[in-house]
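One structure is given below, encoded as structure tokens.
Numbering (mature numbering (1 follows the signal peptide of the UniProt record, and there is no 0)), first residue to last: -26 to -1, 1 to 283.
Written as structure tokens, this is what we have:
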């Protein structure tokens, strides 16, 4: 697929990555050159789960625009381009967090990308994880397919409460290769959650989410509320489009979706799964961030956990 020319970095970003302190921190140590080669590293784990396709999410969208992302390639040259530096320094804190997630989605595990901010003399090192954009990660201009699958990956990390929840991230990279996953991952994250797709890099960004069959009772809730059609401000600009199975096509194994079509446009999606332990129930003795005080037994009025108002 051919690349396209987008607006420069100066056009602002889309992501306000809330509550990021609970995720793996960005390393900020001096490094003179950018390691483009993969280095042999053991798989990360969380409670014994290999994180080949599992991410810790805590992203919050603020509804602004992302068509300022660097198309010169996620390489030393691209990250040191004047337009990238100008964009980065418009909002250092937010854009540093945005780059953490862009690199995590686009670049393979075992690789890092480093940027030194000459204005603050701070060096940022961002680690790859999923490798969804092979050409972009290798320093080439991003293709449309890469921009769309990275958009889907960023969307899959949205959490309107800024919470960090372990999710399974499944799909195809921009070359059509599946993200690695294990049977243990599918078992531990046994609940199908949603499908995420869109394009945050075009002049008029669009971002969609569908429900993959996860149904909650009035007493149940999840901080991953956007896939359930939540109207919380933190879900913007995600637009809920109903059930994934109505608009998307599964892979041959039925494990994840390979494409989703909306308004006549077909996008590469990211499919997510969650753990049963990350669904909350009114009456479990803990007033969760998703629950409110009241006299009832629903998440919106959970007197058992949050008391009466």
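C-beta atoms are modelled at their ideal positions from N, C-alpha and C, and glycine is treated no differently.
- Around the beta carbon of residue 159, 16 or more other beta carbons sit within 10 angstroms, so the residue counts as buried.
- Around the beta carbon of residue 85, 16 or more other beta carbons lie within 10 angstroms, which makes this residue buried.
- At a Cβ-Cβ threshold of 8 Å, residue 168 and residue 147 do not count as neighbours.
- In this structure the segment 200 to 212 does not lie against the segment 141 to 156, because fewer than three pairs of beta carbons, one per stretch, are closer than 8 Å.
- By the neighbour-count criterion, in which a residue is buried when 16 or more other Cβ atoms sit within 10 angstroms of its Cβ, residue 283 is exposed.
- Residue 81 and residue 69 have their C-alpha atoms spaced approximately 17 Å apart.
- A residue is called buried once 16 or more other Cβ atoms fall within 10 Å of its Cβ, and residue 51, having fewer, is exposed.
- Selection 256, 121, 227, 67 evaluated against residue 177 yields 121 as nearest (Cα-Cα).
- The shortest C-alpha to C-alpha distance from residue 135 to any of 249, 115, 265 is the one to 265.
- Each of 193, 155, 153 was checked against the Cα of residue 268, and the nearest Cα belongs to 193.
- Residue 120 is bridged by DSSP to nothing; it lacks a bridge partner.
- Ranked by Cα distance from residue 236, the first of 59, 213, 227, 103 is 213.
- DSSP places residue 112 outside both helix and strand once states are collapsed to three, so it counts as coil.
- If you ignore the 5 residues before and after residue 250, its C-beta comes within less than 8 Å of the C-beta of 164, 165, all in its own chain and listed in chain order.
- Counting only residues of its own chain and dropping the five nearest sequence neighbours on each side, residue 103 has a CB closer than 6 Å to the CB of 78, 83.
- Of all alpha-carbon atoms in 53, 224, 253, the one lying nearest the alpha-carbon of residue 199 is that of 253.
- The beta strand (DSSP E) runs of length 3 or more contained entirely in the segment 114 to 170 are, from start to end of the chain, 139 to 145.
- The DSSP-derived three-state label of residue 243 is coil.
- Residue 271 is a Cβ neighbour of residue 257, given a cutoff of 8 Å.
- Within the segment 243 to 275, the beta strand (DSSP E) runs of at least 3 residues that lie entirely inside it are, in chain order, 244 to 248.
- Ranked by how close their Cα comes to the Cα of residue 157, the residues 229, 60, 219, 240 have 229 in first place.
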